[in-house]
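Below is one structure; the comments refer to it alone.
Below, the structure is given as structure tokens:
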């Protein structure tokens with residue numbers, strides 16, 4: 171089975187539809203599938219629900235799809251750094267579900283692992299717990315959170331082989347492995363594609379069984395969101 | 005930013021650093037907590053960042069920035085011997101599972117029972133909870149660093165939170181520029197005054213009753 175597509179638009183063209191739920195990897199701008207996000211915008215698909223830890227920044231990452239009003243609902247832990255998001259949200263044009271970051275990661279992991287729900291103590295007593303089942307285990311209260319399955323999952327990895335086995339790079343891994351498992355169709359954007367057998371089987375992070383489509387983008391921009399470097403005065 | 009603020013922030017960070025023990029795995033929030041490493045013996049603690057790295061070093065030189073290596077504040081950091089990377093689910097498994105020894109985090113309000121609010125101010129745009137709820141609920145010890153009062157003088161240490169809560173009964177210590185408190189079995193205890201600060205000043209600027217533990221000589 172050939173998983174390699176010639177371009178990001180080709181890889182998304184026949185799978186993305188209006189009203190779908192997409193999960194997208196990345197933390198801030200680190201480890202986001204840049205080319206796939208651009209291609210997603212260019213599909214013109216609308217009324218999307220997007221599950222992603224953040225919403226990009228103005229003019230980059232998922233911020234691009236906010237400008238075009240393709241996103242109806244975001245499921246995120248933090249959406250600062252994005253004025254257009256703030257404007258649309260305050261104007262009631264965009265729905266937002268805030269999920270604590272660890273709960274979001276676990277919801278994607280659970281969804282991908284066939285677990286419909288799990289209990290966590292994160293958020294107990296807060297607005298996050300509103301309307302959720304509470305249960306006491308060993309004297310401590312937990313809330314029920316639901317697993318997330320995505321219609322389409324978009325991830326960014328460093329290397330892949332032609333079977334779709336993925337290797338991530340440093341903290342660009344973040345949400346990508348869980349997002350990869352959560353997709354009914356998972357598309358991975360990578361910087362290098364090698365032949366089957368060239369990756370050390372012991373060093374593969376995401377087995378190719380979770381990846382249906384591959385796109386090569388050897389030169390992503392990789393913007394750094396808060397570019398602080400040494401030689402600075404006291405903060 | 006005035007010239008006064010950095011020194012207040014440094015005073016808090018320096019004292020918070022003394023809440024850490026050699027060998028601790030420590031998660032630092034943004035703001036004042038991010039200043040803490042400057043006051044810790046290099047290599048004595050292991051920094052954990054919830055986006056997926058344990059054991060990392062200082063900010064890099066300009067030519068050494070790796071866009072694949074950032075902390076939870078989305079700032080570039082550096083690899084050190086022993087660094088390890090992992091995904092977000094594993095990272096929060098470390099936090100929620102009680103494997104992270106200490107979280108140092110900022111707050112808008114702390115109650116006398118150790119409840120904390122640090123993510124939403126009513127009437128202002130709410131940008132999200134990030135990892136704060138997971139960290140507050142899961143870290144084995146929670147150290148709060150914050151200025152003692154709001155800019156307008158309102159106390160941040162209160163009997164009951166008036167802001168949306170992040171977690172309840174989880175704060176172990178509060179370090180401000182005036183004092184250090186501990187929450188002991190749901191009771192707020194003043195354990196130390198910062199140099200030059202009087203008990204009367206702390207009472208005046210604290211919005212909750214507290215016990216005053218004698219003989220709290222600062223270590224050092």
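Protein chains in written order, with my numbering: chain C, 171 to 405; chain X, 5 to 224.
Virtual Cβ for every residue (Gly too), placed ideally from N, Cα, C.
Three-way DSSP call (helix, strand, coil) for residue i in this model
| i | result |
| --- | --- |
| residue 326(C) | strand |
| residue 69(X) | coil |
| residue 190(C) | coil |
| residue 396(C) | coil |
| residue 5(X) | Interpretation of residue 5(X) is limited by its pLDDT of 41, a score under 50 that renders its predicted location unreliable; the figure taken from the coordinates is listed afterwards. Residue 5(X) falls in the coil class under three-state DSSP. |
| residue 133(C) | Any question about residue 133(C) goes unanswered here, given that chain C covers just 171 to 405. |
| residue 348(C) | helix |
| residue 385(C) | strand |
| residue 338(C) | coil |
| residue 167(X) | coil |
| residue 22(X) | coil |
| residue 87(X) | strand |
| residue 268(C) | strand |
| residue 313(C) | strand |
| residue 300(C) | coil |
| residue 216(C) | coil |
| residue 53(X) | strand |
| residue 145(X) | strand |
| residue 220(X) | Bear in mind that a pLDDT of 49 at residue 220(X), under 50, signals an unreliable position, so the model cannot answer this. |
| residue 161(X) | strand |
Under 8 Å by beta carbon: chain X residues contacting residue i
| i | result |
| --- | --- |
| residue 348(C) | 91, 92 and 93 |
| residue 288(C) | Near residue 288(C) there are no residues of chain X at all, since even the closest Cβ is about 11 Å away, more than 8 Å. |
| residue 392(C) | 71 and 72 |
Residue j beta carbon less than 8 Å from that of residue i
| i | j | result |
| --- | --- | --- |
| residue 165(X) | residue 124(X) | no |
| residue 76(X) | residue 43(X) | no |
| residue 336(C) | residue 327(C) | yes |
| residue 222(C) | residue 281(C) | no |
| residue 231(C) | residue 346(C) | no |
| residue 132(X) | residue 268(C) | yes |
| residue 329(C) | residue 357(C) | no |
| residue 62(X) | residue 340(C) | no |
| residue 315(C) | residue 287(C) | yes |
| residue 302(C) | residue 285(C) | no |
| residue 113(X) | residue 162(X) | yes |
| residue 195(X) | residue 186(X) | yes |
| residue 399(C) | residue 204(X) | no |
Within chain C, the residues that residue i reaches when beta carbons sit closer than 7 Å
| i | result |
| --- | --- |
| residue 137(X) | 270, 292, 293, 296 and 298 |
| residue 63(X) | 398, 399 and 400 |
Where residue i meets chain X, residues with beta-carbon distance less than 9 Å
| i | result |
| --- | --- |
| residue 307(C) | Within 9 Å Cβ-Cβ: nothing; residue 307(C) doesn't reach chain X, min ~13 Å. |
Closer than 7 Å at the beta carbon, the chain X residues around residue i
| i | result |
| --- | --- |
| residue 276(C) | 93 and 96 |
| residue 342(C) | 72 |
| residue 395(C) | 78 |
| residue 279(C) | 93 |
Proximal chain C residues relative to residue i, where beta-carbon distance stays under 8 Å
| i | result |
| --- | --- |
| residue 54(X) | 271 and 272 |
| residue 57(X) | 340 and 341 |
Check: residue i C-beta below 7 Å from any heavy atom of the ligand GDP
| i | result |
| --- | --- |
| residue 381(C) | The ligand GDP is not part of the structure shown, which contains no ligands of any sort. |
Contacts of residue i in chain B (Cβ-Cβ under 8 Å)
| i | result |
| --- | --- |
| residue 142(X) | The displayed structure is made up of protein chains C and X, and chain B is not among them. |
The segment 317-326 of chain C / the segment 180-196 of chain C touching (three or more Cβ pairs under 8 Å): Three or more beta-carbon pairs drawn from the segment 317-326 of chain C and the segment 180-196 of chain C are found closer than 8 Å, and the two stretches are therefore classed as touching.
Within 8 Å of chain C by C-beta, residues of the segment 168-191 of chain X in sequence order: Within the segment 168-191 of chain X, the residues whose Cβ lies closer than 8 Å to some Cβ of chain C are 168, 169, 170, 171 and 172, listed in chain order.
Any 3 or more C-beta pairs closer than 8 Å across the segment 143-158 of chain X and the segment 97-106 of chain X: Touching, yes, given that three or more Cβ pairs across the two stretches are closer than 8 Å.
Cβ pair count under 8 Å reaching 3, the segment 81-92 of chain X against the segment 118-133 of chain X: As far as the Cβ criterion goes, the segment 81-92 of chain X does not touch the segment 118-133 of chain X, which means the pair count is below three.
Under 7 Å (Cβ pairs) to chain C, residues found in the segment 109-125 of chain X: Flagged: no residues at all.
Interfacial residues, the segment 244-267 of chain C to chain X, with Cβ spacing under 7 Å: Against chain X - using a Cβ distance shorter than 7 Å - the residues of the segment 244-267 of chain C are 246, 247, 248, 249, 250, 256 and 260.
Within 8 Å of chain C by C-beta, residues of the segment 145-168 of chain X in sequence order: Along the segment 145-168 of chain X, the positions whose C-beta sits under 8 Å from a C-beta of chain C are 168, read in chain order.
Members of the segment 181-198 of chain C that neighbour chain X once the beta carbon cut-off is set at 9 Å: Answer in chain order: 197 and 198.
Inter-stretch contact at 8 Å, needing at least 3 Cβ pairs: the segment 259-274 of chain C / the segment 152-163 of chain X: Not touching, per the Cβ criterion.
Contact the segment 375-390 of chain C vs the segment 192-206 of chain C: 3+ CB pairs below 8 Å: Contact between the segment 375-390 of chain C and the segment 192-206 of chain C is present, because at least three Cβ pairs lie under 8 Å.
Sufficient close CB pairs (3 or more, under 8 Å) joining the segment 199-214 of chain X to the segment 40-57 of chain X: By the Cβ test, the segment 199-214 of chain X is not in contact with the segment 40-57 of chain X, since fewer than three Cβ pairs between them sit closer than 8 Å.
Positions along the segment 313-346 of chain C whose CB lies within less than 9 Å of some CB in chain X: Answer set for the segment 313-346 of chain C: 328, 338, 339, 340, 341, 342, 343, 344, 345 and 346.
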